[in-house]
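**Q** Residue numbers (the working numbering): 154 to 264. Every residue, glycine too, gets a C-beta built ideally from N, C-alpha and C. Take a look at the following structure, please.
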Ligand code: SF4
């Protein structure tokens with residue numbers, strides 16, 4: 154197609170396209186979950202009670218092929234509970250602060 158053969162969609166047709174594509178685009182954003190290793194081992198260890206170790210979940214996350222996507226999703230949606238992408242709730246809060254300020258946490262505290 155070249156620019157001269159482009160015909161804009163009518164508004165009603167554009168609305169149909171958007172309506173039909175939106176669920177697919179949402180699904181694309183979550184496709185990484187199909188490869189989530191935690192789905193195979195069970196989720197309880199990813200939500201440790203206070204005082205329980207997070208190391209077992211972190212070991213699973215280190216072997217997970219979608220760790221980066223998982224962490225990005227958790228940071229983007231400000232997941233407050235559980236281990237995501239190998240990071241605890243506290244570690245993700247620190248990462249969010251670092252991303253917001255552009256400074257590593259200790260430097261931000263000193264600034
Ligand atoms: S990184 Fe960890 S929490 Fe995230 S999908 Fe993989 S196993 Fe699950």
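Alpha carbon to alpha carbon, what distance is there between residue 245 and residue 191?
**A** Computed Cα separation, rounded: 18 Å.
**Q** According to the Cβ coordinates, are residue 199 and residue 239 closer than 8 Å?
**A** No. Outside cutoff.
**Q** Specify whether the stretch 199 to 211 and the stretch 162 to 173 touch according to this definition: at least 3 beta carbon pairs, one from each stretch, less than 8 Å apart.
**A** In short, these stretches do not touch, since the Cβ pair count stays below three.
**Q** State buried or exposed for residue 227, treating a residue as buried only when at least 16 other CB atoms are found within 10 Å of its CB.
**A** By the neighbour-count rule (16 or more Cβ atoms within 10 Å), residue 227 is buried.
**Q** Quick check: the Cα distance between residue 208 and residue 175, rounded to an integer number of angstroms?
**A** Using only the alpha carbons, I get a separation of about 38 Å.
**Q** Do residue 188 and residue 218 have their beta-carbon atoms positioned less than 8 Å apart in this structure?
**A** Taking 8 Å as the Cβ cut-off, residue 218 and residue 188 qualify as a contacting pair.
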